[in-house]
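Numbering (my numbering), first residue to last: 1 to 750.
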Ligand SMILES: Cc1cc2nc3c(=O)[nH]c(=O)nc-3n(C[C@H](O)[C@H](O)[C@H](O)COP(=O)(O)OP(=O)(O)OC[C@H]3O[C@@H](n4cnc5c(N)ncnc54)[C@H](O)[C@@H]3O)c2cc1C
């Protein structure tokens, strides 16, 4: 590393040079830095020489999905470690890729690297549980046919990034905190284009006389800035998880599978996934009006109220409506299954499957209602259980309504509408845990969780899942938990080859920013992919590009020019009378949740794309009106989020235009599609929701998007064929020779 300062009237610019600059201090970025250091040491560099060649640049050490997100037991999906059940990398890769749109070489690399990286984390002190023989015990997760998942508790990814951080600190690798990335510096054009470094605003300097700008130049750049969580209004990504997708597109990186975001049920007051035991405990799910009144057990069936405008208790209507589930047992079993069938999946809606629950939650919210999980009561088909007063929630009913059937089911009222003929009747019986379908009942029995109430079952299975809410001001013993169907993860991201190198040589993309997953992925495989990607990138960098510092002296004019343009833009961000950055961000978020969420429609997406383009052009033309000092950061974010939203919408429009249908974690509305239930409406159109099934012929390709501002929509789309997994198993001696001669790094396609 070396450092050089330049000063102007109102800012100090510091140039730093490293061999590798990593953006992002989540589990992926930290791990890559650890591996880089270790590979450099193996090459003979001293501790100091290795440490000085690497920097991790981040907007916040305590920010990002790894540090701030989780679930009941946050899952790490790895190759099987059961002493009794055999597993293979090819089987594992098959699971990663079998829903389509996933490159075979990436899936195989994630499989082969899985245990190496898992044990790397174990060595770094992540507390993954073992039994008395030392086996890492597994369980089943979503889209997972085996029990390959493990967990270190609700905060697995936090432990990962913290343990790796401690390792970096021991190694002496620098972590540059409070650095908001404002620009990726590029040099050269066409095939010789490179990303030379990142420009950051030191957010601690915002309140000082001079703004501190840092330029981190690197021979290699690793982008690990996570998903673009702040794109969505309804989101379980942690607040402040902005990402840098817009900046990366502008620098020339190509996106893949951007359409494949994941959505699922999560709590909103404290952003946390309610997967796993939160749902396996089988809480009651109910809704209220905006003021907390008019409580309804809406899963039991729609309220048929011919007297619109009046609040008619559900009790009086339920038996006359058409139910969504044929029995309480089916409804409760599906709540249980939501635990490990967590992401919204349009292929699990028909025939009363578990994703019907997400759709019903969403449907309820379309009506302006709020939806809650109630851990004090079992699922029911009737009477209100809570009062909301000034002091908050008060339970009406006694606890312990578990096993004994009660008289909750109302009798029909005269004069109500006749049941709709082609749908099931609502559940009529009370919750009875012994009547659950065998998959649910046996699981709970094995887990010792047949207690009378959801909260007792949750406590029996996973007390830390209750504690995490307590630590964040929510007492599951005393209040219901508000939930929504939230954006949670992007399976897509930026295109990488089997060494996680992007389309720009010397720039690597890892973690959630890399688009390595296909349409569906087993829960927990994001963390595995993030670790393997960091290992692969580090190995390639050290062995192919080497460990020297870069020399960009030939590009000084180019770099100065880009910095001048950036500072001119900062001036434009203070334009009086222009829109405020926060307002712009909210507009982007509203639009993305409405048009690019888990329910999509071509016409709405096209309109959203047009509006997104208008908003971006408006920012470009008139700038933004950043009022306080802090708002400079929001202005930077607003501009690149605006460009990111165009990329996502363009990809969505293109995929819908190709007739993709409902797949992954989104459902596509079509006039001639399949109707689920007459009471389920499409939010955007207000009409009965009919959905188009998946078009499986598109599973063999990946949709790419690339920035090109000469085009009216600013992005070019292209469908590319999937890369296969290499199958050239060599004998040991030739393989050893290839390794010694470094040929393994040359068998590379982009
Ligand atoms: C609620 C929830 C539950 C999840 N559960 C699971 C699970 O059980 N299993 C699983 O495999 N995955 C899960 N995921 C996904 C997984 O947590 C993430 O994909 C993973 O942690 C991402 O790691 P990362 O290192 O790529 O990025 P992150 O951990 O998000 O880190 C991003 C880093 O980049 C920095 N950064 C971001 N923007 C900027 C910027 N503009 N300038 C400078 N720095 C920036 C951040 O400060 C942060 O340091 C979950 C996600 C959520 C939201």
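Heads up, the beta-carbon is just placed ideally off N, CA and C, and yes, glycines get one too.
(message) Using only the alpha-carbon positions, how far apart do residue 704 and residue 384 sit?
(response) By one-based count along the chain shown, residue 704 stands at place 704. By one-based count along the chain shown, residue 384 stands at place 384. If you take the alpha carbons of residue 704 and residue 384, they lie about 50 Å apart.
(request) Determine the extent of the beta strand (DSSP E) in which residue 490 is found, giving its start and end residues. (result) Position 490 of the chain shown, counted from the start, is the residue given in the question as residue 490. Per DSSP, residue 490 belongs to the beta strand (DSSP E) from 481 to 490.
(request) Find the nearest neighbour of residue 29 within the set 525, 168, 552 and 716, judged by alpha-carbon distance. (result) The residue you call residue 29 lines up with position 29 of the chain shown. Nearest C-alpha to residue 29: 168.
(message) Helix, strand or coil, according to DSSP, for residue 373 in the structure here?
(response) If you number the chain shown from 1, residue 373 lands on position 373. Residue 373: strand per DSSP, three-state reduction.
(message) Can you list, in chain order, the residues of its chain with a C-beta nearer than 7 Å to that of residue 39? Leave out the 5 residues immediately preceding and following it.
(response) Position 39 of the chain shown, counting from 1, holds the residue named residue 39. Excluding residues within five positions, the ones whose Cβ falls inside 7 Å are 538, 539 and 542.
(request) For residue 292, collect the residues of the same chain with a Cβ closer than 6 Å to its Cβ; drop the 5 residues on either side in sequence, then sort them by chain order. (result) Walking along the chain shown from the start, residue 292 turns up at place 292. Once the five neighbours on either side are set aside, the close Cβ partners of residue 292 are 388.
(message) Counting C-beta neighbours from all protein chains within 10 Å, is the total for residue 751 16 or more, i.e. buried, or is it exposed?
(response) The structure shown does not extend to residue 751, since the chain spans only 1 to 750, so no value can be given for it.
(request) Starting from the C-beta of residue 349, find all residues in its chain whose C-beta is less than 7 Å away, skip the five residues before and the five after it, and write them out in chain order. (result) The residue labelled residue 349 in the question sits at position 349 within the chain shown. Closer than 7 Å at Cβ, skipping near neighbours: 355, 356, 359 and 676.
(message) Pop quiz: residue 381 and residue 300 are said to be a contact at Cβ under 8 Å. What is the actual Cβ separation, rounded to whole angstroms?
(response) Translated into the one-based positions of the chain shown, residue 381 becomes position 381. Translated into the one-based positions of the chain shown, residue 300 becomes position 300. Indeed, because the Cβ distance is near 4 Å, the residues count as touching under 8 Å.
(request) With residue 564 as the anchor, note down where its alpha helix (DSSP H) starts and where it stops. (result) Along the chain shown, read from residue 1 onward, the residue named residue 564 stands at position 564. Start and end: 556 to 572.
(request) Using DSSP bridges, identify the partner residues of residue 359. (result) As a position in the chain shown, residue 359 is number 359, starting the count at 1. None; residue 359 has no bridge partner.
(request) Compute the Euclidean distance between the alpha carbons of residue 547 and residue 22, then round it to the nearest angstrom. (result) As a working mapping, residue 547 is identified with position 547 in the chain shown. As a working mapping, residue 22 is identified with position 22 in the chain shown. Rounded to the nearest angstrom, the two C-alpha atoms are 14 Å apart.
(message) Between the alpha carbons of residue 105 and residue 498, how many angstroms are there, rounded?
(response) Counting from one through the chain shown, the residue named residue 105 turns up at place 105. Counting from one through the chain shown, the residue named residue 498 turns up at place 498. Roughly 6 Å separates the two Cα atoms.
(message) Can you tell me where the beta strand (DSSP E) holding residue 14 begins and where it ends?
(response) Here residue 14 refers to the residue found at position 14 of the chain shown. Looking at the DSSP string, the run of the beta strand (DSSP E) that includes residue 14 is 11 to 23.
(message) With distance defined between alpha-carbon atoms, name the residue in 645, 396 and 440 nearest to residue 337.
(response) Taking the chain shown and counting its residues from 1, the one referred to as residue 337 is at position 337. Of the candidates 645, 396 and 440, the one whose C-alpha sits nearest the C-alpha of residue 337 is 440.
(message) Just verifying my parser: in three-state terms, what is the DSSP assignment at residue 285?
(response) Translated into the one-based positions of the chain shown, residue 285 becomes position 285. In the structure shown, residue 285 sits in a strand (DSSP, three-state: E or B).
(message) Is the separation between the beta-carbon of residue 213 and that of residue 198 shorter than 8 Å?
(response) Within the chain shown, residue 213 is the residue found at index 213, counting from 1. Within the chain shown, residue 198 is the residue found at index 198, counting from 1. Their beta carbons are not under 8 Å apart, which means residue 213 does not touch residue 198 by this criterion.
(request) Apply the 10 Å Cβ neighbour rule to residue 732 and answer buried if 16 or more other Cβ atoms are within range, or exposed otherwise. (result) Mapped onto the chain shown, residue 732 falls at position 732. The residue is exposed, with fewer than 16 neighbouring Cβ atoms inside 10 Å.
(message) Let me check you understand the geometry: is the CB of residue 96 closer than 7 Å to at least one non-hydrogen atom of ligand 1?
(response) Against the chain shown, residue 96 aligns to sequence position 96. It does not: the Cβ of residue 96 is nowhere closer than 7 Å to a heavy atom of ligand 1.
(message) If the criterion is Cβ atoms closer than 8 Å, does the pair residue 632 and residue 715 meet it?
(response) As a first step, residue 632 is located in the chain shown; it is residue number 632 there, counting from the start. As a first step, residue 715 is located in the chain shown; it is residue number 715 there, counting from the start. No, the pair does not count as a contact, with Cβ atoms beyond the cut-off.
(message) Going by C-alpha to C-alpha distance, which of 561, 112, 724 and 19 sits closest to residue 531?
(response) Taking the chain shown and counting its residues from 1, one reaches residue 531 at position 531. With distances taken between Cα atoms, residue 531 lies closest to 112.
(message) Once DSSP output is grouped into helix, strand and coil, what is the label at residue 196?
(response) Counting from one through the chain shown, the residue named residue 196 turns up at place 196. If DSSP states are grouped into helix, strand and coil, residue 196 belongs with the strands.
(message) Could you check whether the Cβ of residue 273 sits closer than 7 Å to any heavy atom belonging to ligand 1?
(response) Within the chain shown, the letter at position 273 stands for residue 273. Because some heavy atom of ligand 1 lies under 7 Å away, the Cβ of residue 273 counts as near it: yes.
(message) ligand 1 and residue 52: does any heavy atom of the ligand fall closer than 7 Å to the residue's C-beta?
(response) Residue mapping note: residue 52 aligns to position 52 of the chain shown, counting from 1. Not under cutoff, so the answer is no.
(message) For a test of your reading of the model: does the CB of residue 512 fall under 7 Å from any non-hydrogen atom of ligand 1? Yes or no.
(response) Position 512 of the chain shown holds residue 512. Yes, Cβ of residue 512 sits closer than 7 Å to a heavy atom of ligand 1.
(message) Taking 8 Å as the limit between beta carbons, can you name the residues of its chain near residue 165, skipping five residues before and five after?
(response) Walking along the chain shown from the start, residue 165 turns up at place 165. Excluding sequence neighbours, residue 165 sits near 25, 30, 61 and 175.
(request) Quickly, what does DSSP pair residue 494 with across the bridge? List them, please. (result) Residue numbering aside, residue 494 sits at position 494 when the chain shown is read from its first letter. DSSP lists 255 and 514 as partners of residue 494.
(request) Please report the Cβ distance between residue 486 and residue 234, rounded to the nearest whole angstrom; I am assuming they are in contact, meaning their Cβ atoms lie under 8 Å. (result) As a working mapping, residue 486 is identified with position 486 in the chain shown. As a working mapping, residue 234 is identified with position 234 in the chain shown. Between residue 234 and residue 486 the Cβ distance is about 5 Å, and since that is below 8 Å, they are a contact.
(message) I want to check one thing, is the minimum distance from the CB of residue 21 to the heavy atoms of ligand 1 below 7 Å?
(response) Here the question's residue 21 lines up with position 21 in the chain shown. Checking the Cβ of residue 21 against ligand 1 gives no.
(message) Buried or exposed, going by whether 16 or more other CB atoms sit within 10 Å of the CB of residue 321?
(response) Taking the first residue of the chain shown as 1, we reach residue 321 at position 321. Only weak support is given to the placement of residue 321: the predicted model assigns it a pLDDT of 40, under 50, and the question is left unresolved by the model.
(message) Less than 7 Å between C-beta atoms, sequence neighbours within five positions excluded: which residues of the same chain meet that for residue 762?
(response) Lying before the first or after the last residue shown, residue 762 is absent from the chain, which here runs from 1 to 750.
(request) Along the beta strand (DSSP E) that carries residue 213, what are the first and last residues, could you check? (result) Locating residue 213 in the chain shown gives position 213, counting from the first residue. From DSSP, the beta strand (DSSP E) with residue 213 extends over 211 to 223.
(message) Mapping the DSSP letters down to three states, classify residue 294 as helix, strand or coil.
(response) As a first step, residue 294 is located in the chain shown; it is residue number 294 there, counting from the start. Three-state DSSP puts residue 294 in coil, outside helix and strand.
(request) Put residue 151 into one of helix, strand or coil per three-state DSSP. (result) Residue 151 sits at position 151 when you count from the first residue of the chain shown. Three-state result, residue 151: strand.
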